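Enquirer:
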Amino acid sequence: MLKRVLQDVLSEEENEQLISAFDQIGDIIIVRIPDSLISKKQIIGKTLLEQVSTANSVFYQSSPVEGDFRTRQLEVIAGEDKTQTEYKENGCRFIVDVEKAFFSPRLSTERERIAGLVKDGEVIVNMFGGVGMFSLLAAKDTACTVYNIDINPVASQLCKENAQ
9 MLKRVLQDVL SEEENEQLIS AFDQIGDIII VRIPDSLISK KQIIGKTLLE QVSTANSVFY
69 QSSPVEGDFR TRQLEVIAGE DKTQTEYKEN GCRFIVDVEK AFFSPRLSTE RERIAGLVKD
129 GEVIVNMFGG VGMFSLLAAK DTACTVYNID INPVASQLCK ENAQ
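Under my numbering, read the sequence shown as residues 9 to 172, first letter to last.
Below, the structure is given as structure tokens:
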């Protein structure tokens with residue numbers, strides 16, 4: 009979709025250099041841009057903001073996910089400079105901070121699949137629980153006990169808020 013959205017603002021050669029997808033988490037878009045197109049990041053951000061009606065912010069991911077807290081560096085390139093958003097998945101609402109806590113919307117199908125395997129009475133220990141996505145999905149439809157553990161205090165706090 010990224011290439012299609014940007015086909016009118018980038019040359020064909022530039023468009024071929026793009027990574028083909030971006031992540032949308034709530035009203036935030038996160039895009040990875042190859043080094044060869046960094047000079048175009050503002051126009052990429054502006055175009056995405058114009059073309060994706062549900063987006064209020066576009067961030068360039070300037071580092072990989074790294075460190076004990078599994079976070080990434082983000083730079084706002086269009087719209088609001090806010091990293092916290094509301095994300096909906098499988099009938100649940102989550103508050104996510106895309107810069108301060110690990111989260112990937114690409115794992116949604118896997119979270120749903122594994123949560124569907126949980127049976128009543130089971131005890132789940134989620135050792136890298138983040139903001140509680142899998143843990144809360146597992147507990148939503150089953151009478152199970154879930155322990156969501158994460159080394160990142162921001163992720164742990166967001167999990168508590170999400171459990172409310």
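Built from N, CA and C at the ideal position, the CB exists for glycine as well.
Fair warning: this is a prediction, and the values are worked out from it, not measured in the lab.
Can you list, in chain order, the residues of its chain with a C-beta nearer than 7 Å to that of Ala146? Leave out the 5 residues immediately preceding and following it.
Expert: Ala123, Val126, Ile132, Cys152 and Val154
Enquirer: Assuming Gly87 is part of the beta strand (DSSP E), what are its boundary residues?
Expert: In the DSSP annotation of this structure, the continuous segment of the beta strand (DSSP E) that includes Gly87 starts and ends at Leu82 to Gly87.
Enquirer: What are the boundary residues of the alpha helix (DSSP H) that includes Val162?
Expert: Pro161 to Ala171
Enquirer: Suppose the cutoff is 8 Å on Cβ atoms and the five residues either side in sequence are ignored; what does the same chain contact list for Pro42 look like?
Expert: Gln25, Leu26 and Ile27
Enquirer: Looking only at C-alpha atoms, which of Ile46, Val104 and Phe67 sits nearest to Lys168?
Expert: Lys168 has its Cα closest to that of Val104, out of Ile46, Val104 and Phe67.
Enquirer: Report yes if the C-beta distance between Leu82 and Phe67 is below 7 Å; otherwise report no.
Expert: yes
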